[in-house]
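Visitor: Please see the structure below; I have some questions.
Numbering (the numbering used here), first residue to last: 1021 to 1185.
The following block contains the structure:
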């Protein structure tokens, strides 16, 4: 990353890593201007509300893509429903690669199906030409725009100062 304008790197390591020139974690701006954080585990930590001497530590969900999600609850009326995706979600994910998860909130449900999937909305129908009237939970995930071709397998990085993109 040397010699490129607007690039930089911050590394964190231990004594063994410093001696070997290997970072345990790093934050950098790549040649395309993308900010990236890399580490073995990414956490958030908050104080436990009922145990003052304890913190709650959750780790980030990770996968082979840069993805975003939205979720919520919608209503099925006469066997049909629509999920209206928020504008902010449509602004950050691409049309291709959307996935939808549905959970009926009724034990009388005949099951649910996605019959039309896209941005800005997703159409849902009850299976077997059902005419149910009940709520359902939903989650929609999509690959972030400009990250559709990110590679999962990349060259091993021996030092923290080498960009692996």
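The beta-carbon is built from N, C-alpha and C at its ideal position, and this holds for glycine as well.
How big is the Cα-Cα spacing for residue 1152 and residue 1099?
Guide: In a straight line, the C-alpha of residue 1152 is about 5 Å away from that of residue 1099.
Visitor: Does the distance from the CB of residue 1146 to the CB of residue 1096 come in under 8 Å?
Guide: Yes. Within cutoff.
Visitor: By DSSP, does residue 1021 sit in helix, in strand, or in coil?
Guide: Reliability fails at residue 1021, whose pLDDT of 40 lies under 50, so the model's placement of it is uncertain and the value that follows must be treated cautiously. It is coil, neither helix nor strand.
Visitor: Residue 1164 and residue 1087 - do their beta-carbons sit closer together than 8 Å?
Guide: Yes, Cβ-Cβ distance for residue 1087 and residue 1164 is below 8 Å.
Visitor: Can you find at least 3 beta carbon pairs, one from the stretch 1050-1058 and one from the stretch 1120-1136, that sit closer than 8 Å?
Guide: Touching, no.
Visitor: Between the stretch 1158-1172 and the stretch 1109-1116, do three or more beta carbon pairs fall short of 8 Å?
Guide: Touching, yes.
Visitor: For residue 1173, which option in 1083, 1149, 1028, 1044 has the closest C-alpha, if you only look at C-alpha atoms?
Guide: Ranking 1083, 1149, 1028, 1044 by Cα distance to residue 1173 puts 1083 first.
Visitor: With DSSP run on the structure shown, which of helix, strand or coil describes residue 1107?
Guide: Here residue 1107 sits in helix by DSSP.
Visitor: Apart from the five residues on each side of it in sequence, which residues of its chain come closer than 7 Å, Cβ to Cβ, to residue 1078?
Guide: Here the set comprises 1063, 1064.
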